[in-house]
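Asks:
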Amino acid sequence: MNRSPYADHDKSEWKSITEKLINKHPLPKDFIIEVVHDAWNGIFNTSIGNNGLKIGEHIFPKPQIIGALLHELIPAEIEAAFPLAWRGEKNAGDKDIVYIPDDFYSIELKTSSNPSRIFGNRSYAQQPTQGKKSKDGFYLAVNFWKFSASKVKPEIQTIRFGWLDHTDWKGQKAESGQQSSLSPETYELKFKTLYSKR
1 MNRSPYADHD KSEWKSITEK LINKHPLPKD FIIEVVHDAW NGIFNTSIGN NGLKIGEHIF
61 PKPQIIGALL HELIPAEIEA AFPLAWRGEK NAGDKDIVYI PDDFYSIELK TSSNPSRIFG
121 NRSYAQQPTQ GKKSKDGFYL AVNFWKFSAS KVKPEIQTIR FGWLDHTDWK GQKAESGQQS
181 SLSPETYELK FKTLYSKR
């Protein structure tokens, strides 16, 4: 498990720590923006099924399906660009996007059709068990518009990059609750907005 870069630092320093982490990361910010948009456009440029059906033209999947496609396409696009340095998840202990030379820089990917927030399951707020991937580390957060009557071809809304620790995730208090979320302070101090359509 990576030791938190924010450990033993006052919250007043967190934003500058986030900036330093992002600047040291091997993926350039402009490339991250480009690869997310390439993956997004790839969803709408691909034909599916025997009748050449296109997403956004013939079929309009739910946000969960669009998110799942992004989860596959973004790591694949990065791996295609840098095949010796990056790959997608293969094992239970892997992050979604693995940096082969140094796992410290591997990335967890979160997508959401919520206008401004991302979510994890309840386990994100807990210490990982042996053999499971760490919830501490770099995160790429992508928010997108879902299909609606006015948005036949929705767009990427926000791309954020930063570092989260498992303690940043707050699990739902109800026993039946399966979701974890982040505080506004976490978005402000531990993420950097790389792109915003707003």
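Under UniProt numbering, the sequence shown has 188 at position 188, and the numbering climbs by one with no breaks.
Backbone N, C-alpha and C define an ideal beta-carbon position, used for all residues, glycine too.
Computed from a predicted structure; not experimentally measured.
1) May I ask you to report which of helix, strand or coil DSSP gives Tyr6?
2) Taking 8 Å as the threshold (C-beta atoms), are Gly120 and Trp169 in contact?
3) I'd like to know whether the C-beta atoms of Phe147 and Phe191 end up nearer to each other than 8 Å.
4) According to DSSP, simplified to helix, strand and coil, what is Phe31?
5) Does DSSP put Ala85 in a helix, in a strand, or in coil?
6) Smallest Cα separation from Asp38: which of Asp103, Ala81, Asn91?
7) Helix, strand or coil for Ser12? Go by DSSP, reduced to three states.
8) What span of residues does the alpha helix (DSSP H) with Leu182 cover, start to end?
9) Count Cβ pairs between the region 40-58 and the region 87-102 that sit closer than 8 Å; are there 3 or more?
10) Tell me Leu53's beta-bridge partners as DSSP assigns them.
11) How would you call Ser180, buried or exposed, if buried means at least 16 neighbouring beta carbons within 10 angstroms?
12) Considering only residues of the same chain and omitting the five flanking positions on each side of Ile78, which have a CB-CB separation below 7 Å?
13) Would Ala141 be called buried (16 or more neighbouring beta carbons within 10 Å of its own) or exposed?
14) If I measure Cβ to Cβ from Glu19 and keep anything under 7 Å in the same chain, skipping five residues before and after, which residues do I get?
15) For the beta strand (DSSP E) containing Arg160, list its first residue and its last residue.
16) Where does Phe138 land, buried or exposed, given buried means 16+ other C-beta within 10 angstroms?
17) Out of Trp14, Arg198, Gly42, His9, point me to the one whose CA is closest to residue 200's CA.
18) Are the CB atoms of Ser116 and Pro63 nearer to each other than 8 Å?
19) Within 10 angstroms of its Cβ, does Phe104 collect 16 or more other Cβ (buried), or is it exposed?
Replies: In terms of the structure at hand:
1) coil
2) yes
3) Not closer than 8 Å, so no.
4) helix
5) coil
6) Ala81
7) Ser12 sits in a helix when the DSSP states are folded into three classes.
8) Unbroken run through Leu182: none, as it is neither H nor E.
9) no
10) Ile48
11) Looking at its Cβ environment, which holds 16 or more other Cβ atoms inside 10 Å, Ser180 is buried.
12) Val35, Trp86, Ile97
13) buried
14) Lys192
15) In the DSSP assignment, Arg160 falls within the beta strand (DSSP E) that extends over 156-164.
16) Result: buried.
17) The displayed coordinates of the chain run from 1 to 198. Any statement about residue 200 would go beyond what the structure contains.
18) No, they are not a contact pair.
19) exposed
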